[in-house]
Amino acid sequence: MGKSIAIVGSGLVGTVLAIALKQQGHQVFVYEKGDDIRTIDFSGRSINLALSERGWKMLRRVGLEEKVRQFGIPMHQRAIHHVDREEQQPYGIHGESIWAVSRGGLNKKLVDWAEEIGVQFVFHTPIWSVDMKRGVLYTSEKEQHVWSEIQHDIIFGADGAYSKVRNRLQQRSRFEYQQSYLPIAYKELMIPAKAEGGFAMDEHSFHIWPRKDFMLIALPNMEGSFTCTLFMPYQGAVSFDSIQTPEEIKTFFQTHFPDALQLMPDLLELYRDNPVNALVTTRCFPWVYQDKVALIGDAAHAVVPFYGQGLNAGLEDVDVLLDCLQRNPENWTEALDQYQHSRKVNADAIAELSYRNFKEMSEQTANPLFLLRKKIESKFAKKYPDLWLPLYDRVTFSQGTYQEALAIGDQQAKIMDVIMAIEGIEKRWDSSEIEEKIKQLINENRGC
28 MGKSIAIVGS
38 GLVGTVLAIA
48 LKQQGHQVFV
58 YEKGDDIRTI
68 DFSGRSINLA
78 LSERGWKMLR
88 RVGLEEKVRQ
98 FGIPMHQRAI
108 HHVDREEQQP
118 YGIHGESIWA
128 VSRGGLNKKL
138 VDWAEEIGVQ
148 FVFHTPIWSV
158 DMKRGVLYTS
168 EKEQHVWSEI
178 QHDIIFGADG
188 AYSKVRNRLQ
198 QRSRFEYQQS
208 YLPIAYKELM
218 IPAKAEGGFA
228 MDEHSFHIWP
238 RKDFMLIALP
248 NMEGSFTCTL
258 FMPYQGAVSF
268 DSIQTPEEIK
278 TFFQTHFPDA
288 LQLMPDLLEL
298 YRDNPVNALV
308 TTRCFPWVYQ
318 DKVALIGDAA
328 HAVVPFYGQG
338 LNAGLEDVDV
348 LLDCLQRNPE
358 NWTEALDQYQ
368 HSRKVNADAI
378 AELSYRNFKE
388 MSEQTANPLF
398 LLRKKIESKF
408 AKKYPDLWLP
418 LYDRVTFSQG
428 TYQEALAIGD
438 QQAKIMDVIM
448 AIEGIEKRWD
458 SSEIEEKIKQ
468 LINENRGC
């Protein structure tokens, strides 16, 4: 028998969850505090999405993969922009791609597709609290007004890193919660399409300008533009606090991003008008209360964007939840408990991986020894795929768990530390001697 299900938050994960549960025969209502998301201009705050295998798997499950691919762009490599040159680094060892997709554009289409199958969206309905025992949402136009009740069988909090549903769970005894911010923030900028149409840079690359303590990235959009994101400290010699005047902005970009500056005619206006946004990681547990309330996506585990896995992890939440419901179709208490225990360890793992990847993107991608390290790994993995899958491929292009990826990645890092310490590795890297040494270290690590 179908349940009456409330989902708080009409973002990407909440809307995909709504579609999946509606397809299973439930009544699904999505509550959103603000306007219909299809009327909102997302510019100024959005880091474009990088969809990869985990996200595609869930979209495939609800029959939306091909629809979404129609307005995404595959990126098969990083384009590293040094101050004086550019170089390319392929992503997957077998030529795989991550896909650039507009966050706002995808969200709007998902709401359309959800409505087409009968999901009911209730906009202008802020949720201020939850009665978890009764499955009641409390709403009013303003928090200080008298609240009215909305009752459902099950409530999902998909309302992001600052979740009101999670806030109610936090009031329970022994609820663990941690929120941390990077000292780095981000600002959205733009490279427009060329005047005659088309892209100003290679559209099948994820563009990175790594500068150690700060960096610029750019992802392509369907109409020919690139959404750019500048990551930089809040404070310091090079920071959002210290770079504010038109002269300071121009000098900064001329010094560190000269090729990008030539492609950004609206830089000064966008830098002035777009906000500086925080980068937050949240960890919490438990995610559920009996068979009444559950958190999903960023409400349960917000991560920084440096592995491009935020949405992919949230969609994998939905995928695992559906598996748990299939195993326990009449027991939501058990299904939700299995879901939270399965996902919690993996959410913590991708949070750690995402935090580490900032250093790789901002600093190591410009390091010749790091590039050699990746070249050795890639060559070995292609020749011995049963012995080695690089960490990036394991996270992005496989369906193994994040927890496994973190553990195996740490083991591989220790092996590669030994390899890179070999005297003369720059000349000897492409030899059978190095191959055999890697095999030896793998066997030793396995306890053989």
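In the working numbering, the protein residues as written are 28 to 475.
Using N, Cα and C, we set each Cβ at its ideal position, and we do this for glycine too.
query: Distance, residue 246 Cα to residue 288 Cα; result: 16 Å
query: Supposed contact pair residue 388 and residue 235 - C-beta distance, whole angstroms, cut 8 Å; result: 6 Å
query: Between the CA atoms of residue 351 and residue 365 - distance to the nearest angstrom; result: 6 Å
query: Proximal residues to residue 63 (C-beta, below 8 Å), its chain only, five neighbours per side dropped; result: 138, 148 and 150
query: Contact set for residue 475: own chain, Cβ-Cβ below 8 Å, skip 5 residues either direction; result: The predicted model places residue 475 with a pLDDT of 49, which falls under 50 and marks its position as unreliable, so this point remains unresolved.
query: Helix, strand or coil at residue 95 [DSSP, three-state]; result: helix
query: Integer Cβ distance of residue 298 from residue 276, believed to fall under 8 Å; result: 5 Å
query: Enclosing beta strand (DSSP E) for residue 164 [first to last residue]; result: 163-166
query: Under the three-state DSSP convention, the category residue 473 falls into; result: coil
query: Cβ neighbours of residue 443 in the same chain (closer than 6 Å, five flanking residues each side left out); result: 400
query: Continuous alpha helix (DSSP H) assignments of at least 4 residues falling wholly in the stretch 52-125; result: 80-88 and 92-96
query: Proximal residues to residue 92 (C-beta, below 6 Å), its chain only, five neighbours per side dropped; result: 83 and 86
query: Nonlocal neighbours in the same chain, by C-beta distance under 8 Å from residue 104, ignoring five residues either side; result: 115, 116, 117, 118, 231, 232 and 233
query: Close-in-space but distant-in-sequence residues of the same chain around residue 132 (CB under 7 Å, 5 per side omitted); result: 98
query: Residue 34 (DSSP reduced to helix, strand or coil); result: strand
query: Coil, strand or helix - residue 199 by DSSP; result: coil
query: Residues of its chain near residue 281, where Cβ-Cβ distance is below 7 Å and the 5 sequence neighbours each way are ignored; result: 288
query: Cβ separation of residue 37 and residue 57, assumed to be a contact under 8 Å, to the nearest whole Å; result: 5 Å
query: Any 3 or more C-beta pairs closer than 8 Å across the stretch 185-194 and the stretch 28-37; result: yes
query: Distance between residue 253 and residue 269 (C-alpha atoms, nearest Å); result: 26 Å
query: Within 7 Å, strictly: CB atoms of residue 212 and residue 305; result: yes
query: Where residue 160 falls, given that 16 or more other Cβ within 10 Å makes a residue buried; result: exposed
query: Delimiting residues of the alpha helix (DSSP H) encompassing residue 298; result: 294-300
query: Residue 192 versus residue 340: straight-line alpha-carbon distance, rounded; result: 19 Å
query: Nearest to residue 265 (by Cα), restricted to the options 178, 406, 283 and 175; result: 283
query: Status (buried if at least 16 other CB within 10 Å, exposed otherwise) for residue 274; result: exposed
query: Residue 59 classed as buried or exposed, judged by whether at least 16 other C-beta atoms fall within 10 angstroms; result: buried
query: Minimum C-alpha distance to residue 485 - residue among 158, 153 and 162; result: Any property of residue 485 remains undetermined from this structure, which presents the chain solely from 28 to 475.
query: Reference residue 290, options 425, 135 and 229, closest by Cα; result: 229
query: Residue 285 at chain B interface by Cβ criterion, 7 Å; result: Of the protein chains in the structure, only one exists, and it is not chain B.
query: Close Cβ partners of residue 248 (< 7 Å) along its chain, the five nearest in sequence each way excluded; result: 129 and 254
query: Which of helix, strand or coil DSSP assigns to residue 374; result: helix
query: Own chain partners of residue 113 with C-beta closer than 7 Å, once the 5 adjacent residues on each side are dropped; result: 106 and 107
query: Backbone CA spacing between residue 21 and residue 327 [nearest angstrom]; result: The chain is shown only over 28 to 475; residue 21 falls outside these bounds and no answer can be derived.
query: Residue 258 to residue 374 span [Cα, whole Å]; result: 23 Å
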